[in-house]
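2 protein chains.
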Amino acid sequence: MKLQNARGTRDYGPEDAILLNEIVGVLRTLFETYGFNPLETPSLERRETLTSKYAGGAEILKELFTLADHGKRELALRYDLTVPLARYVVMNPTLKFPFKRYQIGTVFRDGPLKFGRYREFMQCDADIVGSGSLRRDAELVEIAAKAFEQLGLKVSIKINNRKVLDGIMDAVGIAADKAETVILTIDKLEKIGEDAVKKELEGKGVSVKAVKQLMSVIIAKGTNKEKLTQLQSVVVGSEGKDGLKEIAELLSYTTGLPVEFDVSLARGLNYYTGSVFEVVLKNSELRSSVAAGGRYDELIGSYVRNGKEYDAVGISFGLDVITDALKLGRRNLRRSSLVAYVISINQDKEAHAVVKTLRNASIPSDVTYSGKIGKAVNYANEYGIPYVLFIGPEEAKAGKVKVRNMSTGQEQMVGVEDACKIIKVA
Amino acid sequence: MKLQNARGTRDYGPEDAILLNEIVGVLRTLFETYGFNPLETPSLERRETLTSKYAGGAEILKELFTLADHGKRELALRYDLTVPLARYVVMNPTLKFPFKRYQIGTVFRDGPLKFGRYREFMQCDADIVGSGSLRRDAELVEIAAKAFEQLGLKVSIKINNRKVLDGIMDAVGIAADKAETVILTIDKLEKIGEDAVKKELEGKGVSVKAVKQLMSVIIAKGTNKEKLTQLQSVVVGSEGKDGLKEIAELLSYTTGLPVEFDVSLARGLNYYTGSVFEVVLKNSELRSSVAAGGRYDELIGSYVRNGKEYDAVGISFGLDVITDALKLGRRNLRRSSLVAYVISINQDKEAHAVVKTLRNASIPSDVTYSGKIGKAVNYANEYGIPYVLFIGPEEAKAGKVKVRNMSTGQEQMVGVEDACKIIKVA
Chain F
279 MKLQNARGTR DYGPEDAILL NEIVGVLRTL FETYGFNPLE TPSLERRETL
329 TSKYAGGAEI LKELFTLADH GKRELALRYD LTVPLARYVV MNPTLKFPFK
379 RYQIGTVFRD GPLKFGRYRE FMQCDADIVG SGSLRRDAEL VEIAAKAFEQ
429 LGLKVSIKIN NRKVLDGIMD AVGIAADKAE TVILTIDKLE KIGEDAVKKE
479 LEGKGVSVKA VKQLMSVIIA KGTNKEKLTQ LQSVVVGSEG KDGLKEIAEL
529 LSYTTGLPVE FDVSLARGLN YYTGSVFEVV LKNSELRSSV AAGGRYDELI
579 GSYVRNGKEY DAVGISFGLD VITDALKLGR RNLRRSSLVA YVISINQDKE
629 AHAVVKTLRN ASIPSDVTYS GKIGKAVNYA NEYGIPYVLF IGPEEAKAGK
679 VKVRNMSTGQ EQMVGVEDAC KIIKVA
Chain Y
279 MKLQNARGTR DYGPEDAILL NEIVGVLRTL FETYGFNPLE TPSLERRETL
329 TSKYAGGAEI LKELFTLADH GKRELALRYD LTVPLARYVV MNPTLKFPFK
379 RYQIGTVFRD GPLKFGRYRE FMQCDADIVG SGSLRRDAEL VEIAAKAFEQ
429 LGLKVSIKIN NRKVLDGIMD AVGIAADKAE TVILTIDKLE KIGEDAVKKE
479 LEGKGVSVKA VKQLMSVIIA KGTNKEKLTQ LQSVVVGSEG KDGLKEIAEL
529 LSYTTGLPVE FDVSLARGLN YYTGSVFEVV LKNSELRSSV AAGGRYDELI
579 GSYVRNGKEY DAVGISFGLD VITDALKLGR RNLRRSSLVA YVISINQDKE
629 AHAVVKTLRN ASIPSDVTYS GKIGKAVNYA NEYGIPYVLF IGPEEAKAGK
679 VKVRNMSTGQ EQMVGVEDAC KIIKVA
């Protein structure tokens with residue numbers, strides 16, 4: 279039997295998992311500082327919860343992993359963390375709003391594979407339910423900007439508004455029943471380029487004139503302000519005008535942040551109703567977005583019969599691609615979280631006492647009991663452990679350890695308490 | 279459509295998730311201090327990886343959730359984190375040993391439901407691969423003791439050794455092919471009681487004499503030392519003697535910890551080869567174990583053809599039951615991670631500036647924009663947020679905020695920077 283990962287899944291070995299924990303740590307701290315509370319929902323959901331017509335849309339349902347339990351109940355693996363949030367909100371009627379939650383977990387999509395795309399991947403979402411204020415949309419943009427700044431990744435945060443897109447459809451005479459598919463094509467501009475978008479639009483039966491008008495609008499260049507002005511002359515209906523007003527308001531709340539109004543941005547999921555945003559890396563080989571989200575004021579309400587509405591806005595960080603981006607960008611990746619490695623030279627009991635002291639001082643450390651010394655030193659080297667502490671008969675007799683700084687090669691004979699100080703200061 | 283969780287799954291709302299994060303934080307810090315590195319493997323595995331004959335055993339395979347991808351590849355959801363670790367180790371031949379990893383994640387078992395048992399539940403595992411030293415077994419026992427001490431839960435750590443159990447089987451004349459099933463029955467002693475165990479053993483064809491001998495051994499009372507002495511006179515074969523030596527050695531490494539030698543402890547999984555341990559709560563209504571593990575020196579090697587052996591020992595913490603235990607034991611559960619709540623009285627812009635300052639000072643905080651003041655105060659009350667900061671026209675004019683300590687009711691008009699100090703000191 280040949281051991282392999284299931285197709286489209288990946289392991290995070292220590293080197294990757296250390297990065298992942300760093301990313302999650304940054305996001306978690308930001309979320310909590312911004313007033314979000316944690317929520318955990320299961321990977322397994324009842325199939326009908328995930329296939330409700332208002333959920334992600336027909337496209338995403340093609341990628342559903344389905345299964346049944348022994349009682350033949352129809353189940354599926356969640357494809358995002360948003361639909362489970364909607365379920366949770368509806369099932370917990372005593373929640374007070376705004377309800378701000380974050381969730382970190384894997385989601386599953388049985389879709390086509392390509393570089394950087396997995397069938398099981400990790401998302402980290404923050405959502406605000408029960409507030410229609412654009413200041414909430416701005417909060418998420420702010421968190422994204424801060425998170426990537428803290429992680430040392432340069433990004434551009436693209437924003438748009440579904441109402442603007444609908445207004446454009448209206449202005450160039452695209453029928454309502456065709457608008458969704460046309461918007462999906464427009465969304466591909468960045469990926470497939472102008473010519474391919476034109477061709478696809480024509481293939482979808484959009485008139486040559488309308489295609490021309492559309493293209494001139496969606497490839498609008500210039501500053502955010504210039505783009506807004508340009509669109510104000512194109513968009514005539516009240517919905518589109520509202521959308522432009524919202525973009526102007528959101529831009530006013532996010533001055534100083536790397537925000538770019540991008541008329542072609544739509545985001546695939548059909549549940550968005552207002553703002554949409556997508557964070558892309560600057561100066562990176564990785565072309566995929568690292569975070570994305572938007573406002574979905576109708577999704578949660580669609581699950582309840584009484585017509586109650588729940589304004590909601592959220593953002594989702596793609597942990598796999600962020601990990602890959604950090605990996606590409608850093609020269610020295612940590613291969614281990616160990617800071618000290620104790621090597622026993624036939625002094626197992628004393629070595630154990632040494633590692634105990636290190637651990638009590640909160641120094642991530644391990645010990646190797648009697649074995650080959652060269653092999654043990656090689657282990658510390660291989661994993662980039664900064665300090666090695668030798669304890670042999672001589673050291674044991676003197677009640678000391680020999681501390682070797684692995685990058686300088688410098689050695690010191692000191693008491694264990696002093697060893698802790700040396701390691702902690704560095 | 280009625281929204282429900284999939285049967286046997288649960289949500290962790292903020293109250294539970296805050297506890298869960300606390301538990302994970304304690305464990306993660308301990309693991310890293312003890313030299314474990316993080317590892318993440320997917321929930322989805324190839325079915326054949328999980329059904330290999332050396333994996334968890336026939337019992338657990340009855341509880342496997344199976345599915346297929348669109349390419350008809352046979353998949354399954356992992357039922358533990360140990361078999362994926364074995365896969366990872368075998369697939370990464372450049373790993374240096376000892377390889378110490380921890381992993382936190384959900385596992386899936388389509389088994390019978392009862393109180394506190396779920397079909398998707400969270401485990402947190404630490405394993406050491408590539409060392410046969412009993413000092414490694416002791417490390418895991420030590421981590422368990424420290425973890426529950428830090429969490430404020432009183433526990434007893436039961437230990438036993440599979441070799442001792444095999445030695446007992448031998449001594450009372452149970453045939454090798456029957457030993458496994460007899461051990462499974464013995465393992466139920468705590469749960470079903472002496473009489474039921476006797477009955478089940480007789481039902482399995484064990485002679486009345488052997489049952490009597492067995493019972494006298496497994497219900498051995500007294501101190502660890504007394505039990506060891508008692509068994510030394512029963513167990514005659516070399517394997518059993520080795521097992522007793524190992525227990526004596528492990529006990530010597532764990533003096534001062536709440537460790538109890540329990541001859542009836544076997545642990546269900548058939549891959550254990552030496553030490554087994556199980557952590558149970560003292561003085562709790564919850565009867566289930568909160569952590570368990572053991573040594574499995576043959577599992578990983580069973581996946582490779584070249585006969586290479588990998589000594590390994592691990593422990594798994596049951597995060598769901600630990601969360602439930604903390605919930606039962608605490609009077610004041612945190613319902614929110616928020617520390618400050620800013621209430622705007624028609625001063626949205628100023629309120630936003632206030633919350634921005636709080637967040638820059640790393641104070642978990644949120645703001646409510648213009649709305650009903652009573653409702654906003656009620657929100658803070660409901661979620662136990664310790665500080666409310668009001669900002670109305672008067673405060674805005676004075677460049678101050680009114681800080682209310684929600685437990686004392688005391689109010690102070692201060693500048694925002696001073697508000698941060700008041701909140702941080704408390």
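Respectively, the protein sequence lines represent chains F and Y. Take any residue in the first sequence, count from 1 to its spot, add 278: that is its number in this note's numbering. Take any residue in the second sequence, count from 1 to its spot, add 278: that is its number in this note's numbering. Ideal placement from N, C-alpha and C gives every residue a C-beta, glycine not left out.
*Looking only at its own chain, which residues have a Cβ that is under 6 Å from the Cβ of GLU628 of chain Y, when we skip the five neighbours before and after it?*
Residue numbering aside, residue 628 of chain Y sits at position 350 when the second sequence is read from its first letter. Once the five neighbours on either side are set aside, the close Cβ partners of GLU628 of chain Y are ILE669, ALA674.
*asked:* Check whether chain F comes within 8 Å of PRO371 of chain Y, counting only Cβ atoms and requiring the distance to be less than that.
replied: Here residue 371 of chain Y refers to the residue found at position 93 of the second sequence. PRO371 of chain Y has a beta carbon lying at 8 Å or more from every beta carbon in chain F.
*Taking just the CA atoms, how far does GLN625 of chain Y sit from SER685 of chain Y?*
Position 407 of the second sequence, counted from the start, is the residue given in the question as residue 685 of chain Y. Position 347 of the second sequence, counted from the start, is the residue given in the question as residue 625 of chain Y. Approximately 25 Å, taken between the alpha carbons.
*Contact set between LEU535 of chain Y and chain F, taken where Cβ atoms lie within less than 7 Å*: Within the second sequence, numbered from 1, the residue matching residue 535 of chain Y stands at position 257. Result: empty, since nearest Cβ-Cβ is about 13 Å, beyond 7 Å.
*asked:* Short of 6 Å in beta carbon distance, which residues of its chain neighbour VAL404 of chain Y, apart from the five on each side in sequence? Order them along the chain.
replied: Translated into the one-based positions of the second sequence, residue 404 of chain Y becomes position 126. Note on residue identity: the sequence assigns Ala, not Val, to residue 404 of chain Y. Contacts found: PHE309, PHE314, TYR380, ILE593.
*Are ALA284 of chain F and LEU322 of chain Y close, meaning C-beta to C-beta below 8 Å?*
Position 6 of the first sequence holds residue 284 of chain F. Position 44 of the second sequence holds residue 322 of chain Y. Their beta carbons are under 8 Å apart, which means ALA284 of chain F touches LEU322 of chain Y by this criterion.
*Decide yes or no for the touch test of the stretch 341-353 of chain Y against the stretch 365-377 of chain Y: beta carbon pairs closer than 8 Å, at least 3 of them.*
Counting Cβ pairs under 8 Å, fewer than three are found: no touch.
*Taking the alpha-carbon positions, what's the PHE343 of chain F to PHE393 of chain F distance?*
Taking the first residue of the first sequence as 1, we reach residue 343 of chain F at position 65. Taking the first residue of the first sequence as 1, we reach residue 393 of chain F at position 115. The alpha-carbon separation between PHE343 of chain F and PHE393 of chain F amounts to approximately 21 Å.
*asked:* With a threshold of 8 Å between beta carbons, is LEU345 of chain F in contact with chain Y?
replied: Translated into the one-based positions of the first sequence, residue 345 of chain F becomes position 67. Yes, LEU345 of chain F lies at the interface with chain Y (some Cβ there is under 8 Å from its Cβ).
*Please report how far the alpha carbon of ILE600 of chain Y lies from the alpha carbon of PHE399 of chain Y, in whole angstroms.*
The residue given as residue 600 of chain Y occupies position 322 in the second sequence. The residue given as residue 399 of chain Y occupies position 121 in the second sequence. Computed Cα separation, rounded: 12 Å.
*Taking the C-alpha atoms as reference points, what is the distance between ALA425 of chain F and LYS560 of chain F?*
For the purposes of this step, residue 425 of chain F is identified with residue 147 of the first sequence, where counting begins at 1. For the purposes of this step, residue 560 of chain F is identified with residue 282 of the first sequence, where counting begins at 1. Counting only the Cα atoms, LYS560 of chain F lies some 15 Å from ALA425 of chain F.
_Simplified DSSP assignment, three categories, for PRO362 of chain Y_ = As a first step, residue 362 of chain Y must be located in the second sequence, where it is residue number 84. Here PRO362 of chain Y sits in helix by DSSP.
*asked:* Buried or exposed for GLU563 of chain Y, going by 16 or more other Cβ atoms inside 10 Å?
replied: Residue numbering aside, residue 563 of chain Y sits at position 285 when the second sequence is read from its first letter. Exposed, because fewer than 16 other Cβ atoms sit within 10 Å of the Cβ of GLU563 of chain Y.
_Exposed unless 16 or more other CB atoms sit within 10 angstroms - verdict on LYS490 of chain Y_ = Here residue 490 of chain Y is taken as the residue at index 212 of the second sequence, counted from 1. Counting Cβ neighbours within 10 Å, LYS490 of chain Y comes out exposed, since fewer than 16 surround it.
*Give a yes or no on contact between the stretch 609-617 of chain Y and the stretch 633-645 of chain Y, applying the rule of three or more CB pairs nearer than 8 Å.*
Under the 8 Å Cβ criterion, the stretch 609-617 of chain Y counts as touching the stretch 633-645 of chain Y, having at least three qualifying pairs.
*Do PHE377 of chain F and GLY408 of chain F come within 8 Å of each other at the CB atom, strictly closer than that value?*
Here the question's residue 408 of chain F lines up with position 130 in the first sequence. Here the question's residue 377 of chain F lines up with position 99 in the first sequence. Judged by their CB atoms, GLY408 of chain F and PHE377 of chain F are nearer to each other than the 8 Å cut-off.
*Is PRO671 of chain Y helix, strand or coil by DSSP?*
Within the second sequence, residue 671 of chain Y is the residue found at index 393, counting from 1. Three-state result, PRO671 of chain Y: helix.
*Nearest CA to the CA of LEU604 of chain Y: which residue from Y:ALA570, Y:ALA295, Y:HIS630?*
Residue 604 of chain Y sits at position 326 when you count from the first residue of the second sequence. Per the Cα distances, Y:ALA295.
*Quick one: list the residues of chain F neighbouring SER290 of chain Y, beta-carbon separation under 9 Å, in chain order.*
The residue labelled residue 290 of chain Y in the question sits at position 12 within the second sequence. First, the residue type needs correcting, since residue 290 of chain Y is Tyr and not Ser in the sequence shown. Result: PRO316, LEU317, GLU318, THR319.
_Identity of the residue in F:ILE382, F:LYS482, F:VAL475, F:GLU468 nearest PRO320 of chain F by Cα_ = In the first sequence, the residue the question calls residue 320 of chain F occupies position 42. Of F:ILE382, F:LYS482, F:VAL475, F:GLU468, the residue nearest in Cα terms is F:ILE382.
*Three-state secondary structure (DSSP) at ALA569 of chain Y?*
Working through the second sequence from its first residue, we reach residue 569 of chain Y at position 291. Assigned with DSSP and collapsed to three states, ALA569 of chain Y falls in strand.
*Compare the C-beta of LEU353 of chain F against all C-beta atoms of chain Y and say whether one is closer than 8 Å.*
As a working note, residue 353 of chain F is residue 75 in the first sequence. Under the 8 Å criterion on CB atoms, LEU353 of chain F is classed as interfacial with respect to chain Y.
*State buried or exposed for LYS280 of chain Y, treating a residue as buried only when at least 16 other CB atoms are found within 10 Å of its CB.*
Reading the second sequence from its first residue, position 2 is the one you call residue 280 of chain Y. With fewer than 16 other Cβ atoms within 10 Å, it is exposed.
*Could I get the ranges of all uninterrupted beta strand (DSSP E) runs contained in the stretch 580-660 of chain Y, with 3 residues as the minimum, in chain order?*
Fully enclosed beta strand (DSSP E) runs of no fewer than 3 residues occupy 590-596, 618-622, 643-646 of the stretch 580-660 of chain Y, in order along the chain.
*Could you tell me whether the Cβ atoms of VAL385 of chain Y and TYR366 of chain Y are closer together than 8 Å?*
Reading the second sequence from its first residue, position 107 is the one you call residue 385 of chain Y. Reading the second sequence from its first residue, position 88 is the one you call residue 366 of chain Y. No.
*Give me whichever residues DSSP pairs with ALA404 of chain Y in a beta bridge.*
The residue labelled residue 404 of chain Y in the question sits at position 126 within the second sequence. Y:TYR380, Y:ILE593.
*State the start and end residues of the unbroken beta strand (DSSP E) segment that holds ILE437 of chain Y.*
The residue given as residue 437 of chain Y occupies position 159 in the second sequence. For ILE437 of chain Y, the enclosing beta strand (DSSP E) covers residues 433-439.
*Give a yes or no on whether the minimum CB-CB distance between SER622 of chain Y and chain F is below 8 Å.*
Along the second sequence, one-based indexing puts residue 622 of chain Y at 344. For SER622 of chain Y, the answer is no, since every Cβ of chain F falls outside 8 Å of its Cβ.
*So which residues of chain F does TYR581 of chain Y contact, with C-beta pairs closer than 8 Å?*
Residue mapping note: residue 581 of chain Y aligns to position 303 of the second sequence, counting from 1. In chain order: MET279, LEU281.
*Give a yes or no on whether the minimum CB-CB distance between PRO671 of chain F and chain Y is below 8 Å.*
As a working note, residue 671 of chain F is residue 393 in the first sequence. So no, PRO671 of chain F is outside the interface.
*Which residues does DSSP pair with GLN491 of chain Y in a beta bridge?*
For the purposes of this step, residue 491 of chain Y is taken as residue 213 along the second sequence, with counting starting at 1. BP columns for GLN491 of chain Y are empty, so no partner.
_Classify LEU391 of chain Y: buried if its beta carbon has 16 or more other beta carbons within 10 angstroms, exposed otherwise._
Taking the first residue of the second sequence as 1, we reach residue 391 of chain Y at position 113. Of the residues assessed, LEU391 of chain Y falls on the exposed side of the cut-off, its CB having fewer than 16 other CB atoms within 10 angstroms.
*Closer than 9 Å at the beta carbon, the chain Y residues around ARG608 of chain F*: The residue given as residue 608 of chain F occupies position 330 in the first sequence. Chain Y residues near ARG608 of chain F: none, gap ~17 Å exceeds 9 Å.
*In the DSSP assignment, find the unbroken beta strand (DSSP E) run with ALA346 of chain F in it and report its ends.*
Start at 1 with the first residue of the first sequence, and residue 346 of chain F comes out as number 68. Note, ALA346 of chain F: beta strand (DSSP E), 344-346.
_Whole angstroms are fine: how far does the CA of GLU337 of chain F sit from the CA of SER485 of chain F?_
For the purposes of this step, residue 485 of chain F is taken as the residue at position 207 of the first sequence. For the purposes of this step, residue 337 of chain F is taken as the residue at position 59 of the first sequence. Each residue's alpha carbon lies about 25 Å from the other.
*Burial state of ASP455 of chain F (16 or more Cβ within 10 Å)*: In the first sequence, residue 455 of chain F corresponds to position 177, counting from 1. Exposed, by the Cβ-count rule.
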